[in-house]
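Asker: Top line first, the protein sequences correspond to chains Z and C.
Heads up, the first sequence is in the numbering used here, so the first residue is 290 and it goes up one at a time.
Heads up, the second sequence is in the numbering used here, so the first residue is 101 and it goes up one at a time.
Submitted below is the structure of interest, expressed as structure tokens.
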Amino acid sequence: MSRENPVYRSRIEHYRELQQRFSGARSGDPAWLRGLRDESIAHFAERGFPSTRLEEWRYTNVAAIAGSDFELDGDATEIEIEEASGSPGVRSLKDALASDADSVRARLARAPEAKDRSFAQLNSAFLSDGAVVSLAAKEVAEAPIQLRVPPTRAGAIRLPRLLVELAPESRATLVLVCGGGAGLTNLVADFEVGANASLEIVLLQASDEPGFQVTNLSARLGRDARFRSHTLSAGGTLVRNDLDVVLAGEGSECHLRGLFLGREQGLVDNHSSVDHAVPHCSSHELYKGILADRAKGVFRGRVLVRPDAQKTDATQSNPNLLLGAGAEIDTKPQLEIYADDVKCSHGATVGQLEPDALFYLQSRGIGRDEARRMLLRAFASEILEALPEDSARDAMDSRLDALLASAGDES
Amino acid sequence: MSEAPESEQSQLERLASSEYKYGFVTDIDTDQAPPGLNEDVVRLISAKKKEPKWLLDFRLKALARFQEMLEEETEPTWAKVSYPKIDYQDIIYYSAPKQQPALESLDEVDPELRRTYDKLGISIEEQKRISGVKVAVDAVFDSVSVATTFKAELEKQGIIFGSFTDAVHEHPELVKEYLGSVVPYSDNFFATLNSAVFTDGSFAYVPKGVRCPMELSTYFRINAAGTGQFERTLVIADEGSYVSYLEGCTAPQRDENQLHAAVVELVALDDAEIKYSTVQNWYPGDENGVGGIYNFVTKRGACRGARSKISWTQVETGSAITWKYPSCLLQGDDSVGEFYSVAMTNRRQQADTGTKMIHLGKNTRSTIISKGISAGKGEQSYRGLVKIGPRAEGARNYSQCDSLLLGDECGAHTFPYLEVKNPSATVEHEATTSKIGEDQLFYCRQRGISEEDAISMIVNGFCKEVLSELPMEFAVEAQALLGVSLEGSVG
């Protein structure tokens, strides 16, 4: 398209050296794995970090990431597995690689390549640990599977990988806490949901430190499969989530939900894409944003309905509240439709707390602050009420209070 | 309902094979520049038009920039349209009817030309005779404006309306002040090309406090083979004035693709209002996508004054490719921008159209209503930007983009961009895509209305919000055009 890749070329050598040292220390790994790492770092070096001249990154400037030399944070790739969720199908990627490298290899081969995703390539260049969740046919994980990416210390990078596979008719709920910290967390996760299986995930990104979080999540749904995601983001300097869902089996259904809170100068960017590849699928997307201070929110929701994906039912909605005088939201809901017998809609709104509603509450003796809190909670509750477990809700609740306090009485 | 798909198919085919009604070529001697783009051609155009030096300089600046852009390959590629690379050296940039008309009365117009307009159904004579609604027509034939009706009557009110070339000679101070002030010569690839080689166009100025007593109208028509039409329109509404401007376009049928890169600039000062309506029916190409107009147009209006208003209404049924984003810069406090659009793509037509509403002033308001109808193998995209600047306190926007799909080989896409930098702004965007409901069709057919009529009714209902914004006589034409384009296309 253009003569030069619109990317940041800086620091590429740094990551190349880092990767060589990393790979060198793991010379005992299978050849295919080392090959994959080398290929990935080459792709990354070719692409560099994305600049705002790329359409997908036009509102999100990663100069702060591209401009620093992040070092590996210890092992840098592990994901902690909570003991309580001791389902036999949950283990670390390291263990899986040691005991059953071939099945991991086959599993990785099924995940999308994402050659044009710099961060995903950078993650693959250090592929060694993370978590693997695989449920057998008809297996039901009763308790939510709890996973946690440890906080990343300042100046450091973490590159964990999560692979999830649900065999037909299995069911699981997964809670993934990205601990934040002041460094860069670069997570890649891939979800494979088999026929008639059901997967619900909660991604919680709450941080009190000025760190960076970049995630690439992809899901592929089989026949009559169901996928629900809840992306909860609050805090940090920069959060960027790419969530790509392919509805590959007829009758499959996905619900993508998100709540993002922005404070101070933070930036939260949610990019989602739903690919209706076959007929009779439905997708429903709801992302809500609340932005205080000088925070910036970005939303991109893309719905693609391929030719022949008839009887598609797709909805998408992105309401936002701007509370701070310098707050900003850039939203880009997109529909790309190539089939005619479909029902698709999207909507996006930007506004403030309704003055009439505030007045109504105040006229009934409720203080202004309390009234604002009630209205904000009401706005957020549509997402929070639907969460499958409490700890994430509590975490978001307390962030909401903090946001309210910092938003003060500005609007 | 079981037989419906078959009849859909046959009707769609019939629609696809319907001939372009305006596909005739007028045989008039034309005075042409050799094909190609260079300084000589630009100087030739300027000399032919006896232009003052400042205008030639403007053109040369644009040409230099355009040549840079060609080298940098900055021809826009982001739109969802595809076409073979255009050879900008293979286009004739100047084509004028040989008999240079400097006309006072219509009777002096070349009879051949007159017959062309008669065939188009906009007979100037007829226009003149219309008693109730008066329409002043400035007809642009290829590149030179041939005649302007009602000129005298408008002059009485101090309204200036005529060809761009005349305006350059008669009112250079106005042209100099406003030309390029809304769309700078370096604005974008096609606008820069236009700035270098524009040949003629229309100019209108409505003085302070005057309400233009009739609708001003221009009729564009591309005639000569291998020519691009690069017209330039400048409409200025001074304080407290009102003007309604109509623009209609057709082109004859040709096998090669013709380029149309126009620039339209509107300026509304304090309390002024401009209503700009377009019915675009350029030749869309045949069912295999051969021929047709590339309609790459830059249209932008600046609401400079407080409480000013600019309203764009467009009905786009023609052109092989449409690339068009009529926009409003809402600079004045309390200014209002509106965009009402119906776009129809059929056969292999591609349209990437929408609007930009840039809110800069306080309490600015904008409304976007876009209706897209896609049939055959048509591809259609709505691409729009609503931008609320940090100082646009209390800005308000409402956007609605609906698409209707007729047939399973077409596409409809929506790419809205909402950028809000002021927390007191309220922005709403809604979009839907659907096909004609079977129950709606069934309801009509059950009452004895044929499928074709039912579709036409439903589509007209779908577009009603936009069509009702058009001035009366245009609305009738637009409805008829939609009817013709839709004949038999059943969803």
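We put the CB at the ideal spot given by N, CA and C, even for glycine.
#1: Using the beta-carbon count (16 or more within 10 Å), is C/Ser182 buried or exposed?
#2: In whole angstroms, give me the CA-to-CA distance for Z/Glu431 and Z/Leu492.
#3: List, in order along the chain, the chain Z residues whose C-beta lies closer than 8 angstroms to that of C/Pro184?
#4: Here's the rule I'm using: 16 or more other beta-carbon atoms within 10 Å means buried, otherwise exposed. How should C/Trp423 be labelled?
#5: Around the C-beta of C/Ala55, are 16 or more other C-beta atoms found within 10 angstroms, so that it is buried, or is it exposed?
#6: Mapping DSSP to helix, strand and coil, what is Z/Pro644?
#7: C/Ser435 and C/Arg407 look like a contact to me (Cβ under 8 angstroms); what is the Cβ gap, rounded to whole Å?
#8: With a threshold of 16 other CB atoms inside 10 Å of the CB of C/Ile222, please say whether the residue is buried or exposed.
#9: Three or more C-beta pairs under 8 angstroms: does that hold for the segment 597-607 of chain Z against the segment 483-496 of chain C?
#10: Could you tell me whether the Cβ of C/Ser524 comes closer than 8 angstroms to any Cβ of chain Z?
#11: Give the residues of chain Z in contact with C/Leu506, contact being defined as C-beta atoms less than 8 angstroms apart.
#12: Alpha carbon to alpha carbon, how far is Z/Arg326 from Z/Pro440?
#13: Determine the chain Z residues that contact C/Tyr517 at a beta-carbon separation under 7 angstroms, and present them in chain order.
#14: I'd like the span of the alpha helix (DSSP H) that includes Z/His303, first residue to last.
#15: Going along the chain, which residues of the segment 417-450 of chain C sit with their C-beta nearer than 8 angstroms to a C-beta in chain Z?
#16: Could you give the distance in angstroms between the alpha-carbon of Z/Ala398 and the alpha-carbon of Z/Arg406?
#17: Which same chain residues end up closer than 7 angstroms to C/Gly437 when comparing Cβ atoms and leaving out the 5 residues on each side of it in sequence?
#18: Just how far apart, CA to CA, sit Z/Gly500 and C/Val520?
#19: Among residues of its own chain, excluding the 5 on either side of C/Cys563, which ones have a beta-carbon nearer than 6 angstroms to its beta-carbon?
#20: Return the bridge partner residues of C/Cys312 from the DSSP annotation.
#21: Are the C-beta of Z/Ser634 and some C-beta of chain C separated by less than 8 angstroms?
#22: List, in chain order, every chain C residue whose beta-carbon is nearer than 9 angstroms to that of Z/Gln641.
#23: With a 10 Å radius around its C-beta and 16 neighbouring C-beta atoms as the bar for buried, classify Z/Asp597 as buried or exposed.
#24: In or out: Z/Arg450 buried (at least 16 other Cβ within 10 Å) or exposed?
#25: Counting only beta-carbon atoms, is Z/Gly613 nearer than 8 angstroms to chain C?
#26: May I ask you to verify whether the segment 330-350 of chain C touches the segment 305-317 of chain C, counting CB pairs closer than 8 angstroms and requiring at least 3?
#27: Where do the ends of the alpha helix (DSSP H) carrying C/Phe330 lie?
#28: Would Z/Gln538 pass as a contact of Z/Ala584 if the rule is Cβ separation under 8 angstroms?
#29: Could you check what DSSP says for Z/Cys633 in three-state terms: helix, strand or coil?
#30: Taking a Cβ distance cut-off of 8 angstroms, strictly less, list which residues of the segment 526-557 of chain C are near chain Z, in chain order.
#31: Is C/Tyr194 closer than 8 angstroms to C/Leu163 when the C-beta atoms are compared?
#32: Can you tell me where the alpha helix (DSSP H) holding C/Glu479 begins and where it ends?
#33: Against Z/Leu624, what residues of chain C qualify as contacts under a CB-to-CB distance less than 7 angstroms, listed in chain order?
#34: Which bits of chain C does Z/Glu617 rub up against, with CB to CB less than 8 angstroms?
#35: From what residue to what residue does the alpha helix (DSSP H) around Z/Arg394 run?
#36: Please tell me whether C/Thr464 has its Cβ less than 8 angstroms away from any Cβ of chain Z.
Answerer: So, from the data block:
#1: Exposed, by the Cβ-count rule.
#2: The C-alpha of Z/Glu431 lies about 19 angstroms from the C-alpha of Z/Leu492.
#3: Result: empty, since nearest Cβ-Cβ is about 17 angstroms, beyond 8 angstroms.
#4: Under the 10 Å beta carbon count, C/Trp423 is surrounded by 16 or more other beta carbons and is classified as buried.
#5: Because chain C here runs from 101 to 591, residue 55 of chain C falls outside it and cannot be looked at.
#6: Under the three-state reduction of DSSP output, Z/Pro644 falls in the helix class.
#7: That pair is a contact at about 7 angstroms.
#8: In this prediction, C/Ile222 has a pLDDT of 48, which is less than 50 and means its spatial position is unreliable; nothing more can be read from the coordinates.
#9: Using a C-beta cut-off of 8 angstroms, the segment 597-607 of chain Z makes no contact with the segment 483-496 of chain C, since fewer than three inter-stretch Cβ pairs fall below that distance.
#10: For C/Ser524, at least one C-beta of chain Z is nearer than 8 angstroms to its own C-beta.
#11: Correct list: Asp629.
#12: Distance between the alpha carbons of Z/Arg326 and Z/Pro440: 24 angstroms.
#13: In chain order: Lys621.
#14: Judged by DSSP secondary structure, Z/His303 falls within the alpha helix (DSSP H) whose first and last residues are Ile301 to Gly313.
#15: Within the segment 417-450 of chain C, contact with chain Z at the beta-carbon level (separation under 8 angstroms) is assigned to no residue.
#16: Between the C-alpha atoms of Z/Ala398 and Z/Arg406 there is a straight-line separation of about 16 angstroms.
#17: So the list reads Cys403, Ile410, Cys428, Leu430, Met457 and Ser466, once near-sequence residues are dropped.
#18: Z/Gly500 and C/Val520: Cα-Cα distance of roughly 25 angstroms.
#19: These residues qualify, in order along the chain: Val442 and Lys471.
#20: Beta-bridge annotation (DSSP): C/Cys312 is not paired with any residue.
#21: Residue-level contact by beta carbon holds for Z/Ser634 and chain C, with a gap shorter than 8 angstroms.
#22: Those within 9 angstroms of Z/Gln641 in chain C are Pro523, Ser524, Ala525 and Thr526.
#23: When all chains shown are included, Z/Asp597 counts as exposed.
#24: Z/Arg450 comes out buried.
#25: Yes, its Cβ sits closer than 8 angstroms to a Cβ of chain C.
#26: Touching, per the Cβ criterion.
#27: Where C/Phe330 is concerned, there is no enclosing alpha helix (DSSP H), given that its DSSP letter is neither H nor E.
#28: Per the sequence shown, residue 538 of chain Z should be read as Gly rather than Gln. Going by C-beta atoms, Z/Gly538 is not nearer than 8 angstroms to Z/Ala584.
#29: Of the three classes helix, strand and coil, the one that applies to Z/Cys633 here is strand, per DSSP.
#30: Under the 8 angstroms Cβ criterion, the segment 526-557 of chain C contributes Thr526, Val527, Glu528, His529, Glu530, Ala531, Thr532, Thr533, Ser534 and Lys535.
#31: With contacts defined by Cβ atoms closer than 8 angstroms, C/Leu163 and C/Tyr194 do not form a contacting pair.
#32: Counting along the chain, C/Glu479 falls outside any alpha helix (DSSP H), though it belongs to the beta strand (DSSP E) covering Glu479 to Ile488.
#33: Within chain C, the residues near Z/Leu624 are His513, Thr514, Ala531 and Thr533.
#34: Chain C residues near Z/Glu617: Glu519, Val520 and Lys521.
#35: Start and end: Leu382 to Arg399.
#36: No - not a single Cβ of chain Z is within 8 angstroms of the one on C/Thr464.
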